[in-house]
Amino acid sequence: MAVRNGSVPPYSPSPTTLSAVTTTDADYATYIAGLPRVLAAAACLFRDAEGRVLLVEPNYRKAWALPGGTVESETGEGPRQGARRETLEEIGLDLAPGRLLAVDWTRGSRRPPIVAYLYDGGVLTPEQFAAIRLQEEELLSWKLVAPADLGGHLLGQLESRVRAALDVLESGSGTAELEDGKPVAEGA
Numbered sequence: 491m492a493v494r495n496g497s498v499p500p501y502s503p504s505p506t507t508l509s510a511v512t513t514t515d516a517d518y519a520t521y522i523a524g525l526p527r528v529l530a531a532a533a534c535l536f537r538d539a540e541g542r543v544l545l546v547e548p549n550y551r552k553a554w555a556l557p558g559g560t561v562e563s564e565t566g567e568g569p570r571q572g573a574r575r576e577t578l579e580e581i582g583l584d585l586a587p588g589r590l591l592a593v594d595w596t597r598g599s600r601r602p603p604i605v606a607y608l609y610d611g612g613v614l615t616p617e618q619f620a621a622i623r624l625q626e627e628e629l630l631s632w633k634l635v636a637p638a639d640l641g642g643h644l645l646g647q648l649e650s651r652v653r654a655a656l657d658v659l660e661s662g663s664g665t666a667e668l669e670d671g672k673p674v675a676e677g678a
């Protein structure tokens with residue numbers, strides 16, 4: 491590289507250098523296909539004025555759940571958009587999710603890991619509860635459950651995630667970072 495008048499000319503790679511780092515579409519597709527898979531899910535935590543949590547009863551499993559579901563990432567949907575779409579689909583309310591309360595990396599034995607995002611759905615009014623319309627293809631019913639009674643309705647990791655989110659709301663602290671429902675220590 492020649493330096494003229496004290497300045498360095500801009501970098502311009504040679505054609506040989508470019509061909510060495512350029513991949514074909516097929517090579518890139520093969521590379522992407524070999525990467526690990528991670529799923530994403532998003533839900534909203536809705537409460538009433540007494541602090542009870544809105545749960546929905548799916549028809550495809552025994553435990554209760556929050557309004558939410560899989561993020562349709564292949565369409566470009568993000569977690570916040572997914573939480574809003576799932577809320578509208580499942581309970582008929584079109585409400586923008588509030589702040590992010592918890593993120594949970596959940597491992598699975600028969601599926602890829604899921605990153606679960608839990609947003610604040612807020613405190614619903616009696617009129618909003620009256621307007622709930624369940625998605626009959628997936629849900630049987632809904633009910634409000636006191637935080638002390640969540641363990642009788644939610645599976646372990648989801649119960650832990652909801653409790654962490656409720657703690658965030660009560661304390662005003664930042665988003666809870668969880669792995670398999672357990673808090674992650676900073677610097678871990």
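So in the working numbering, the last one in the sequence shown is 678, and the numbering has no gaps at all.
C-beta atoms are modelled at their ideal positions from N, C-alpha and C, and glycine is treated no differently.
Bear in mind that the values here come from a model prediction, so they are computed numbers and not experimental data.
**Message:** If we require 3 or more residues per run, which beta strand (DSSP E) segments fall completely within the segment 561-610?
**Reply:** Runs of the beta strand (DSSP E) lying entirely within the segment 561-610, each at least 3 residues long, are 590-596 in chain order.
**Request:** Using a threshold of 8 Å, state whether the C-beta atoms of residue 656 and residue 610 are closer than that.
**Result:** Mapped onto the sequence shown, residue 656 falls at position 166. Mapped onto the sequence shown, residue 610 falls at position 120. For residue 656 and residue 610, no; Cβs fall outside 8 Å.
**Request:** Using the Cα positions of residue 633 and residue 624, report the straight-line distance between them to the nearest angstrom.
**Result:** For the purposes of this step, residue 633 is identified with residue 143 of the sequence shown, where counting begins at 1. For the purposes of this step, residue 624 is identified with residue 134 of the sequence shown, where counting begins at 1. Straight-line Cα distance between these residues: approximately 11 Å.
**Request:** Please report the residue range of the beta strand (DSSP E) in which residue 650 lies.
**Result:** Here the question's residue 650 lines up with position 160 in the sequence shown. Boundaries around residue 650 are those of the alpha helix (DSSP H), 646-661, since no beta strand (DSSP E) includes it.
**Request:** Consult DSSP for residue 641 and reduce its assignment to one of helix, strand or coil.
**Result:** Reading the sequence shown from its first residue, position 151 is the one you call residue 641. Reduced to three states, the DSSP call for residue 641 is helix.
**Message:** Taking DSSP's pairing of strands, which residues face residue 667 in a bridge?
**Reply:** As a working mapping, residue 667 is identified with position 177 in the sequence shown. Its beta-bridge partners are 593.
**Request:** Can you grab the Cα-Cα spacing for the pair residue 653 / residue 616, in whole Å?
**Result:** As a first step, residue 653 must be located in the sequence shown, where it is residue number 163. As a first step, residue 616 must be located in the sequence shown, where it is residue number 126. Answer to the nearest angstrom: the Cα atoms are 24 Å apart.
**Asked** Which residue from 579, 574, 539 and 531 puts its Cα closest to that of residue 563?
**Response** On the sequence shown, position 73 is the one that residue 563 refers to. Selection 579, 574, 539 and 531 evaluated against residue 563 yields 531 as nearest (Cα-Cα).
**Message:** Closer than 7 Å to a non-hydrogen atom of the ligand NAP - does that hold for the CB of residue 541?
**Reply:** Inclusion of the ligand NAP in the displayed structure is not the case, the ligand content being empty and no account of it being possible.
**Prompt:** What is the residue span of the beta strand (DSSP E) that residue 557 lies within?
**Reply:** On the sequence shown, position 67 is the one that residue 557 refers to. Counting along the chain, residue 557 falls outside any beta strand (DSSP E), and DSSP gives it neither H nor E.
**Request:** Report the partner residues of residue 635 according to the DSSP bridge assignment.
**Result:** Taking the first residue of the sequence shown as position 1, residue 635 is located at position 145. Bridge partners of residue 635: 543.
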